[in-house]
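**Q** Residue numbers (the working numbering): 46 to 306.
In this text, a Cβ means the ideal position worked out from N, Cα and C, and glycines have one as well.
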């Protein structure tokens, strides 16, 4: 494995100066992809934080001993993923790391906060409505019965990551909009004495509609991850039904699979 460039010089700031780029010129993996992978790993692990500068392509190509097209292709692949942004007069800057969420019964807000993603919430709707048929079935209610409908736009580092739609039984608890914009729904449920025990969840994917794309700062037809979840308390009562959409460019689910003997 041959190391390319001087780690102390392959940087434009304190964070970058700690990186030791190792590029294998004999590998069948293209150099641009090797560089992109190492930069992405540094962003994911917090070595490169939002706001850190990489410098321009010319400086990076000289420091790393790579051609400018190779560096440009590596940077473009991370720009396309939403991890880097090019700013005129500034250079290439880290925007954020992709959110990787474990597939377990947890709150998106809590997961983002624990990952240092700086979550913020905009409550779009918080009102009592008659339960549609699918919602009533999920919550074990009569169709048309009262449910609380929540629609929230979740952002990290100021950029949209998810659009959340949740239904709760109307008599479960009072949901204050100001509190919903400062904390997570599951945290509010726990504070109200609701003990979440289990959930049934389905993960899928589809393309963004024009309205969804506008809300999530995506292009129409962009890939979205979808999730439907019904959560139950420790008595087996359904207490929440959610249909969420996530930007695939900024979000992924992590699965742990166990082998059964």
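#1: In the DSSP assignment, what residue or residues form a beta bridge with residue 100?
#2: Residue 115 and residue 36 - do their beta-carbons sit closer together than 8 Å?
#3: Excluding the five sequence neighbours on either side, which residues of its own chain have a C-beta within less than 6 Å of the C-beta of residue 245, listed in chain order?
#4: How many angstroms separate the CA atom of residue 168 from the CA atom of residue 91?
#5: Return the CA-CA distance between residue 59 and residue 188, expressed in angstroms with no decimal places.
#6: Buried or exposed, going by whether 16 or more other CB atoms sit within 10 Å of the CB of residue 219?
#7: Whole alpha helix (DSSP H) runs in the region 206-263 with 4 or more residues, listed along the chain?
#8: Might you give, ordered along the chain, the residues of its own chain that have their beta carbon closer than 7 Å to the beta carbon of residue 253, omitting 5 neighbours on each side?
#9: Would you give the residue range spanned by the alpha helix (DSSP H) that residue 164 belongs to?
#10: Check whether the region 198-216 touches the region 235-242, taking contact to mean three or more Cβ pairs, one atom from each stretch, closer than 8 Å.
#11: On a Cα-Cα basis, can you pick out the residue from 198, 98 and 248 that is closest to residue 256?
#12: Candidates 180, 295 and 193: which alpha carbon is nearest residue 202's?
#13: Going by DSSP in three states, residue 69 sits in which element: helix, strand or coil?
#14: Hey, how far is the Cα of residue 139 from the Cα of residue 100?
#15: To which residues of the same chain is residue 170 closer than 8 Å at the C-beta, ignoring the five residues directly before and after it?
#16: Closest to residue 217 by C-alpha separation, out of 232, 192 and 224, would be which residue?
#17: Helix, strand or coil for residue 78 per DSSP?
#18: DSSP on residue 279, reduced to helix/strand/coil?
#19: Return yes when the Cβ of residue 164 is within less than 8 Å of the Cβ of residue 184, no when it is not.
#20: State the start and end residues of the unbroken alpha helix (DSSP H) segment that holds residue 123.
#21: Take residue 285 as the anchor and find which of 227, 293, 273 and 291 has the nearest alpha-carbon.
#22: Three-state secondary structure (DSSP) at residue 85?
#23: Classify residue 293 as helix, strand or coil using the three-state DSSP reduction.
#24: Exposed or buried, which one is residue 251 when buried takes at least 16 other CB atoms within 10 Å?
**A** So, from the data block:
#1: 137
#2: For residue 36 there is no data in the structure shown, the boundaries of the chain being 46 and 306.
#3: 275
#4: A straight-line Cα-Cα distance of about 29 Å links residue 168 and residue 91.
#5: With a pLDDT of only 45 at residue 59, under the threshold of 50, the placement of this residue in the model should not be trusted, and no figure is reported.
#6: exposed
#7: 222-225, 230-236 and 255-261
#8: 261, 263, 265, 266, 267 and 269
#9: Looking at the DSSP string, residue 164 is not in any alpha helix (DSSP H); the run it does join, the beta strand (DSSP E), is 164-175.
#10: no
#11: 198
#12: Nearest option by C-alpha distance: 295.
#13: Taken through DSSP and simplified to helix, strand or coil, residue 69 comes out as coil.
#14: 11 Å
#15: 194, 195 and 196
#16: 192
#17: helix
#18: Reduced to three states, the DSSP call for residue 279 is coil.
#19: no
#20: 113-125
#21: 273
#22: helix
#23: coil
#24: exposed
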